[in-house]
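A.B. asks: In terms of our numbering, the numbers along the sequence shown are unbroken and rise by one, the last being 309. Cβ atoms here follow ideal geometry from the backbone N, Cα and C, with glycine treated the same way. Since this is a predicted model, take the numbers as computed values, not measurements. Take a look at this one; I'll ask things after.
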Amino acid sequence: MLRRSPTPRPLLLGIILLLAASAGCATRGGRGNGGTGTGGDDNHGNLPDTDGGSTVTPPTEDGSTIPVRPEDVIVYAHSKDTLFAFSPSDLTVTPIGPFTLPGGEIAVDAAGEIYTVGRTALFKVNADTATATLVAPLAFDGDDVEITGLAFIPAGAFQDKETLLGADNRGRVYEINRQDA
C-alpha cells in the first residue's frame, strides 16, 4: 500500500531520497544467502543504515552496536542493465548480474535486503544474482506516477520502524509498505 506523506515532510524526505540516489550499503561478510545480508564469517550480519552510503552503526538484536569497519562495507549500485557491488576499501567493482527493470531505483534495508521498483510494482533483488522477485504491485490512485527515488529511513528517524520511501516524478514522497505495496 502506498501512502502519500503529509506536508511539509515531502520536501525534507525528498531531499533525503535525493541523497540516497541509487546505491545502498551492506557489510562484507559475503553478500549473504540470497540477499538477506546475513552470510559470511562476521557472525553478526548487521548492516549500516542504507541511505546511499552511510556507515552508521546499526543496533543488534540486544540493542548494542557493532562498529562498522570501512573494509566491511559493500555499496550496491547499478547501471541501466547491470547490478554491481563496490568495495570502497579496495576500490573494486564486481558485476553481480543483469539488472533490467525499468526505473530500477534500489534501496537496501537494515537486514541487507535489496529492493527495487518497476513502473507498477515493488521487487526484492537477490544480492548474489541480481534476480528480481515480485513483492507486490504498487497502487497509485490513478495518478501518472513514476518512482524516481527509493530509500530506507532508519527506525526512529521518521517512524518507530524502518520505513521505505519512494519519490515520484513530480516530487511527491510516498511510504511503501513492503508487505502489500
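With which residues is residue 296 paired in a DSSP beta bridge?
C.D. replies: The partner list for residue 296 (beta bridge, DSSP) reads 275.
A.B. asks: So, for residue 216: in the same chain, excluding its five sequence neighbours on each side, which residues have a beta-carbon less than 8 angstroms away from its beta-carbon?
C.D. replies: Once the five neighbours on either side are set aside, the close Cβ partners of residue 216 are 198, 201, 203.
A.B. asks: Taking just the CA atoms, how far does residue 222 sit from residue 286?
C.D. replies: So the two alpha carbons sit approximately 33 angstroms from each other.
A.B. asks: Please classify residue 198: does DSSP put it in a helix, a strand, or coil?
C.D. replies: Reduced to three states, the DSSP call for residue 198 is helix.
A.B. asks: Look at the alpha carbon of residue 266 and the alpha carbon of residue 250, and state the distance between them as a whole number of angstroms.
C.D. replies: Roughly 7 angstroms between the two C-alpha positions.
A.B. asks: Which residues bound the beta strand (DSSP E) around residue 249?
C.D. replies: Start and end: 249-253.
A.B. asks: In the DSSP output, what is residue 225 paired with across the bridge?
C.D. replies: Partner(s): 211.
A.B. asks: For residue 252, count the other beta carbons within 10 Å of its own beta carbon; 16 or more makes it buried, fewer makes it exposed. Which is it?
C.D. replies: Buried.
A.B. asks: Check for me: the beta strand (DSSP E) holding residue 303 runs from which residue to which?
C.D. replies: First-last of the beta strand (DSSP E) with residue 303: 301-304.
A.B. asks: Whose C-alpha, out of 305, 214, 296, 303, is nearest the C-alpha of residue 247?
C.D. replies: Here the closest residue by C-alpha is 296.
A.B. asks: What does a CB cutoff of less than 8 angstroms around residue 290 pick up in its chain, not counting 5 residues either side in sequence?
C.D. replies: Excluding residues within five positions, the ones whose Cβ falls inside 8 angstroms are 237, 238, 280, 281, 282, 283.
A.B. asks: CB-CB under 7 angstroms to residue 227, same chain, minus the five flanking residues each way: which ones, in chain order?
C.D. replies: Once the five neighbours on either side are set aside, the close Cβ partners of residue 227 are 206, 209, 210, 211, 258.
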